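A.B. asks: Below: one structure in structure tokens.
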Amino acid sequence: MEPATLEGLPNRAADLAILCEIGDVLNSSVELDEILNRILVGVTAGQGLRFNRAFLLLIHDKERRLRGRLAIGPDNPEEAARVWNDLDHEHLSLREMLMTYSHQVPGSGSHVKNIVDRIDVPLDDAAHFMVRALHQGRARVVLRGEDEASSRMSDVLGVDRFALVPILSRRGPVGILLADNAITGRPIDASDLDILRLFANHAGTAIEKARLYGHIRQEKEALERAHRDLKNNQQMIINLQRLSDLGEMAARVAHEIRNPLVAIGGFARSMLAHTGDADPRHKPLQIIVGEVAKLETILQEVLDFARPFKLNAVPTSVNSLVAAALEMIEHEREALGVELAVALDGTCREIPLDADLLKIAMLNLLRNALQSIPRDGGRRGRLSVRTRDLGSIQEVAVQDNGCGIGLDVADRVFEPFFTTKPSGSGLGLAIVSQILREHRGRVRFESRPDEGTTFYLDLPFVKGSAA
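First residue of the sequence shown? That's -18 in the numbering used here, and the numbers climb one at a time after it.
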């Protein structure tokens, strides 16, 4: 920035040397913010063009506006003297100053920042002196009183005259550079405009290059993201194919195992029914019957999960489905000594559902609730089932007072094969989620560790609508 004791600009040869120096430094960077800072430092540095203040305005193409972007300059003579004195003591060359202050503007007061933030000119205002300057591509000194707009800008800047230089590139106007000598009052002559115009040519080229580089970098990042997504999708397809093959294999194995397992279970139950408690075969038969029941449940879940769901939705009473599912687990519930509370909303209407699939979903939820209730600890197990008609959806809630779901596994409860139980396939809740998706509904839950869990089935009233 120009000290008050300096007079005039250097000779033409020195000016050209300064321009070459600034041009080299501008072209050494492709970062837009660095270039903008270097432009302002070059305009105001004592080793550079020696204006007191500079304001950089850039065009926003999408919004069709010319807006203030960055400014440099002291607020008053006292601040100017201090800043110029500090810079003189650093003994920096022009190149060193431009490189040093690439990321910050030295000696900028809050006043110039407020000024530049206020500048906002619509490009559609063809009569505005700045818009005309952009179209004409001509540098000039703007005097107070030329027209209403220039007078307003003179008032904003607090000067009677200032230099205006369009910044152009090969692709068209980029912005405008304003410069003044508000502190020293030094006049702005034709040679000042010439040097600013030449400097603006360097600035326009550097800004265009930085923007092109930024665009290329964004495109590169987008391509890299697309490449990563493609690789992830390819891996996902491979994994899905493996799961499909695994599911098909599991279904075949399950079918082959099911028939002999049913026979084993039938014989074991028949023998157990004719064996007294004192018979030494009674306990082993009980174990066989229990283990066969577990295997039958796992096989059924594998078959339910592996088979493709073909939705056959007909008007169905949700209350009737809940009642039928409760009846099917009645024996298990009583054997565990679990209390049951049922509250079915009588206003629930029939809605399009696949009764067989929804019954599977409800049975899985009910059995999951029973299995989560501790068998010891003196706490009586409780199971609560209720329905509600909420207008666009009907809600089924299954609540237990079991062990709850920890926060560390809450995000995984619907994942296939994930389970925290010592036995089980980990497919029950995955099947529930799959069935609800087929109905354009959703399953959700609320849980508190050691207090219990409530699962909700949200069933849309209209088939195909989102819940």
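For every residue, glycine included, the Cβ atom is placed at its ideal position computed from N, Cα and C. These numbers come from a predicted model, not from an experiment.
Quick check for students: name the residue ranges of the beta strand (DSSP E) that lie wholly in the region 23 to 58, counting only runs of 3 or more.
C.D. replies: Fully enclosed beta strand (DSSP E) runs of 3 or longer: 34 to 41 and 46 to 53.
A.B. asks: Mind checking whether L47 and G23 have CB atoms under 9 Å apart?
C.D. replies: Here residue 47 refers to the residue found at position 66 when the sequence shown is read from its first residue. Here residue 23 refers to the residue found at position 42 when the sequence shown is read from its first residue. Contact: no.
A.B. asks: Decide if E237 is buried, meaning its Cβ has at least 16 other Cβ atoms within 10 Å, or exposed.
C.D. replies: Looking up residue 237 in the sequence shown gives position 256. By the 10 Å Cβ count, E237 comes out exposed.
A.B. asks: As a quick exercise: from F442, E331 and L145, pick the residue whose alpha carbon is nearest that of D175.
C.D. replies: Numbered from 1 along the sequence shown, position 194 holds the residue referred to as residue 175. Of F442, E331 and L145, the residue nearest in Cα terms is L145.
A.B. asks: Is S298 helix, strand or coil by DSSP?
C.D. replies: In the sequence shown, the residue the question calls residue 298 occupies position 317. If DSSP states are grouped into helix, strand and coil, S298 belongs with coil.
A.B. asks: Looking at P430: is its Cβ nearer than 9 Å to the Cβ of G387?
C.D. replies: Taking the first residue of the sequence shown as position 1, residue 430 is located at position 449. Taking the first residue of the sequence shown as position 1, residue 387 is located at position 406. Yes, the Cβ-Cβ distance between P430 and G387 is below 9 Å.
A.B. asks: Three-state secondary structure (DSSP) at V97?
C.D. replies: Counted from its first residue, the sequence shown places residue 97 at position 116. It is helical.
A.B. asks: Reducing DSSP to helix, strand and coil, say where S373 ends up.
C.D. replies: Here residue 373 corresponds to residue number 392 of the sequence shown, with the count starting at 1. Correct three-state label for S373: coil.
A.B. asks: Closest to L408 by C-alpha separation, out of R393, E419, R421 and R45, would be which residue?
C.D. replies: Your numbering for residue 408 matches position 427 in the sequence shown. Nearest option by C-alpha distance: R393.
A.B. asks: Looking at the structure shown, is V137 part of a helix, part of a strand, or coil, going by DSSP?
C.D. replies: In the sequence shown, the residue the question calls residue 137 occupies position 156. Helix.
A.B. asks: Using only the alpha-carbon positions, how far apart do Q281 and L351 sit?
C.D. replies: To locate residue 281, count along the sequence shown from 1; it is residue 300. To locate residue 351, count along the sequence shown from 1; it is residue 370. If I take the Cα positions, the gap works out to 18 Å.
A.B. asks: L438 lies in the beta strand (DSSP E); which residues open and close that run?
C.D. replies: As a working note, residue 438 is residue 457 in the sequence shown. From DSSP, the beta strand (DSSP E) with L438 extends over G433 to P441.
A.B. asks: Are three or more beta carbon pairs between the region 306 to 326 and the region 362 to 373 nearer than 8 Å?
C.D. replies: These segments touch.
A.B. asks: Determine, using beta carbons only, whether L383 and I354 come nearer to each other than 9 Å.
C.D. replies: In the sequence shown, the residue the question calls residue 383 occupies position 402. In the sequence shown, the residue the question calls residue 354 occupies position 373. The question names Leu, but residue 383 in the sequence shown is Gly. Yes, Cβ-Cβ distance for G383 and I354 is below 9 Å.
A.B. asks: Which residue from A305, E277, S251 and S225 puts its Cα closest to that of Q267?
C.D. replies: For this step, residue 267 is matched to residue 286 along the sequence shown. Selected option, being the one with the closest Cα: S251.
A.B. asks: Assuming contact is defined by CB atoms lying nearer than 9 Å, are N349 and F436 in contact in what I supplied?
C.D. replies: In the sequence shown, residue 349 corresponds to position 368, counting from 1. In the sequence shown, residue 436 corresponds to position 455, counting from 1. Yes.
A.B. asks: Could you tell me which residues DSSP pairs with V454 in its beta bridges?
C.D. replies: Since the first and last residues shown for the chain are -18 and 448, residue 454 lies out of range.
A.B. asks: Taking just the CA atoms, how far does I(-1) sit from K190?
C.D. replies: By 1-based counting over the sequence shown, the position of residue 190 is 209. By 1-based counting over the sequence shown, the position of residue -1 is 18. Taking the straight line from one Cα to the other gives about 21 Å.
A.B. asks: With H, G and I counted as helix, E and B as strand and the rest as coil, what does DSSP make of G247?
C.D. replies: Locating residue 247 in the sequence shown gives position 266, counting from the first residue. Of the three classes helix, strand and coil, the one that applies to G247 here is helix, per DSSP.
A.B. asks: Report the residue from A184, V390, A316 and M309 whose alpha carbon sits nearest the alpha carbon of R356.
C.D. replies: Position 375 of the sequence shown, counting from 1, holds the residue named residue 356. The option with the nearest alpha carbon to R356 is A316.
A.B. asks: Can you give the Cα-Cα distance for V243 and D337, rounded to whole angstroms?
C.D. replies: Your numbering for residue 243 matches position 262 in the sequence shown. Your numbering for residue 337 matches position 356 in the sequence shown. Taking the straight line joining both Cα atoms gives about 22 Å.
A.B. asks: How is R348 classed by DSSP in three states: helix, strand or coil?
C.D. replies: The residue labelled residue 348 in the question sits at position 367 within the sequence shown. If DSSP states are grouped into helix, strand and coil, R348 belongs with the helices.
A.B. asks: Let me check understanding here. Comparing Cα to Cα, which of A130, L221, S428 and H116 lies closest to P449?
C.D. replies: In this structure the chain extends from -18 to 448, so residue 449 is not present and cannot be described.
A.B. asks: What's the C-alpha gap between I3 and V122?
C.D. replies: The sequence position of residue 3 within the sequence shown is 22, counting from 1. The sequence position of residue 122 within the sequence shown is 141, counting from 1. One C-alpha to the other measures close to 23 Å.
A.B. asks: For M343, count the other beta carbons within 10 Å of its own beta carbon; 16 or more makes it buried, fewer makes it exposed. Which is it?
C.D. replies: Taking the sequence shown and counting its residues from 1, one reaches residue 343 at position 362. Looking at its Cβ environment, which holds 16 or more other Cβ atoms inside 10 Å, M343 is buried.
A.B. asks: Note down, in chain order, each residue of its chain lying with its Cβ closer than 7 Å to the Cβ of P333, except the 5 sequence neighbours on either side.
C.D. replies: The sequence position of residue 333 within the sequence shown is 352, counting from 1. Counting only Cβ-Cβ distances below 7 Å, and skipping sequence neighbours, we find A294, V295, P296 and K444.
A.B. asks: Roughly how many whole angstroms lie between the Cα atoms of L17 and L124?
C.D. replies: Locating residue 17 in the sequence shown gives position 36, counting from the first residue. Locating residue 124 in the sequence shown gives position 143, counting from the first residue. So the two alpha carbons sit approximately 26 Å from each other.
A.B. asks: Tell whether a beta-carbon distance below 9 Å holds between L347 and I374.
C.D. replies: Taking the first residue of the sequence shown as position 1, residue 347 is located at position 366. Taking the first residue of the sequence shown as position 1, residue 374 is located at position 393. Not in contact: L347 and I374 (Cβ atoms no closer than 9 Å).
A.B. asks: Expressed to the nearest angstrom, what Euclidean distance is found between the alpha-carbon atoms of E60 and L204?
C.D. replies: Mapped onto the sequence shown, residue 60 falls at position 79. Mapped onto the sequence shown, residue 204 falls at position 223. The straight-line gap from Cα to Cα measures roughly 49 Å.
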